[in-house]
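For the sequence shown, the positions run 1 to 283 when this note's numbering is used. Heads up, the beta-carbon is just placed ideally off N, CA and C, and yes, glycines get one too. Worksheet: one structure, shown below.
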Amino acid sequence: MNDILVAKIYDPVYYNPKEHADAIWSADKSHSREVAAYEHLQNITSVSDIVPAFYGAWTFNIATKAVQEGILTSSTRSIRMILMERLEGQCMEAIDPKSISDLARTTILKRCLDAEVRLHHAGVNHGDVCPRNIMVLGSSPESSDVHIKFIDFDVSLVLHHPNLEYPGVLEMQQNFSRLWSPKLSSPIVRFFGDMMEFSCRGWCPGGRRGAEQWLWQNYAHDDRYAPVQWDPNEKRKDPVYLDPLEQCHEPVSVVGHAIMTPSNSATDTCSRLNTTDDSVNKI
1 MNDILVAKIY DPVYYNPKEH ADAIWSADKS HSREVAAYEH LQNITSVSDI VPAFYGAWTF
61 NIATKAVQEG ILTSSTRSIR MILMERLEGQ CMEAIDPKSI SDLARTTILK RCLDAEVRLH
121 HAGVNHGDVC PRNIMVLGSS PESSDVHIKF IDFDVSLVLH HPNLEYPGVL EMQQNFSRLW
181 SPKLSSPIVR FFGDMMEFSC RGWCPGGRRG AEQWLWQNYA HDDRYAPVQW DPNEKRKDPV
241 YLDPLEQCHE PVSVVGHAIM TPSNSATDTC SRLNTTDDSV NKI
């Protein structure tokens with residue numbers, strides 16, 4: 001749009017009908033989710049360095065011509081638009097990780113995972129964490145000032161939104177904060193089994209075990225995050241948070257397979273409820 005702003009337009013005419021059975025509904029949903037995320041995050045200074053500045057949303061009615069039953073007709077269609085900060089940098093997907101040093105590669109990937117955890121604790125689950133939705137900023141990928149910002153929040157969830165589709169997610173976050181605040185969720189837990197978007201492109205070791213070992217090596221002793229226990233030799237066991245109460249042997253949470261529930265006893269604190277293996281259920 002100019003050197004300062006970028007317009008993102010949601011026009012159902014340009015949605016692929018093979019991917020969107022109802023293009024109008026898909027465009028409206030993408031727009032509403034993205035606006036909700038940006039409006040929520042703009043009020044939280046602790047994440048202002050990892051999301052673009054947001055300048056508002058608009059809807060326009062555009063004259064449209066169409067042929068119906070062989071007759072040319074005129075009508076209007078609604079076009080949604082948002083304005084946001086223009087970012088000077090590279091999309092992470094455009095960077096060849098093999099062309100940069102091991103240190104730069106690790107630094108960039110860790111900043112991505114760290115930022116996603118911060119977003120989640122600020123109340124937004126991005127929902128599509130992958131290189132195409134991450135901008136790498138700074139003088140170069142090798143520079144000490146390299147940093148990242150997330151874009152494309154069109155499938156995100158605002159955890160405190162009154163129309164949240166998965167209310168159990170907010171309860172999970174509240175229970176985690178009750179047990180572990182001020183520590184954050186561990187990237188080991190949040191990304192366990194979900195590193196394919198990065199490992200297949202060479203940002204970390206390939207294969208499930210390679211990526212999980214990378215997570216463990218880089219975050220197992222990071223005091224910013226709640227402590228995790230994991231035995232790499234137990235192939236069928238996911239990492240779990242240590243019990244902060246030290247009153248039981250069961251883990252407080254098994255990510256992807258359990259949700260922490262409110263309790264008044266150590267036994268209840270350690271109870272687990274089965275759920276689907278989806279990133280939205282990870283704390």
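Check                                                                                                    : Outcome
Enclosing beta strand (DSSP E) for residue 147 [first to last residue]                                   : 147 to 150
Straight-line gap, residue 211 to residue 204 (C-alpha atoms, nearest Å)                                 : 6 Å
Straight-line gap, residue 27 to residue 153 (C-alpha atoms, nearest Å)                                  : 13 Å
Nearest-angstrom Cα separation, counted from residue 41 out to residue 286                               : Given that the chain is displayed from residue 1 to residue 283, the structure contains no residue 286 and the question cannot be resolved.
Contact belief for residue 56 with residue 87 at Cβ below 8 Å, rounded distance in angstroms             : About 17 Å; that fails the 8 Å criterion.
Simplified DSSP state of residue 8, which is helix, strand or coil                                       : strand
Residue 168 versus residue 239 - alpha carbon distance                                                   : 21 Å
CB contact flag (residue 226, residue 199, <8 Å)                                                         : no
Beta-carbon proximity check, residue 148 vs residue 100, cutoff 8 Å                                      : no
Where the alpha helix (DSSP H) through residue 38 begins and ends                                        : 23 to 41
Through-space distance from residue 70 to residue 202, alpha-carbon basis                                : 53 Å
Collapsed DSSP secondary structure at residue 177 in the structure displayed                             : helix
Nearest-angstrom Cα separation, counted from residue 85 out to residue 172                               : 32 Å
Per-residue burial, residue 10 [other beta carbons within 10 Å of its own, 16 or more giving buried]     : buried
Separation of residue 188 from residue 97, as counted between CA atoms                                   : 21 Å
Rounded straight-line distance, which links the Cα of residue 124 to that of residue 165                 : 13 Å
Nearest candidate by alpha-carbon position, reference residue 116, set 64, 59, 134 and 230               : 134
Cutoff 8 Å; reference residue 68; Cβ partners in own chain excluding five residues on either side        : none
Cβ neighbour criterion (16 or more within 10 Å) applied to residue 195                                   : buried
Three-state class that DSSP yields for residue 56 in the structure shown                                 : strand
Boundaries of the beta strand (DSSP E) in which residue 196 is found, first to last residue              : Residue 196 -> not in any beta strand (DSSP E); alpha helix (DSSP H) instead, spanning 196 to 199.
Range of the contiguous beta strand (DSSP E) that encloses residue 283                                   : Note, residue 283: premise wrong, no beta strand (DSSP E); not H, not E.
Close Cβ partners of residue 197 (< 8 Å) along its chain, the five nearest in sequence each way excluded : 129, 130 and 131
Under the three-state DSSP convention, the category residue 158 falls into                               : strand
Residue 190 vs residue 282 beta-carbon contact at 8 Å                                                    : yes
Buried versus exposed, by CB contacts within 10 Å (16 or more), residue 158                              : buried
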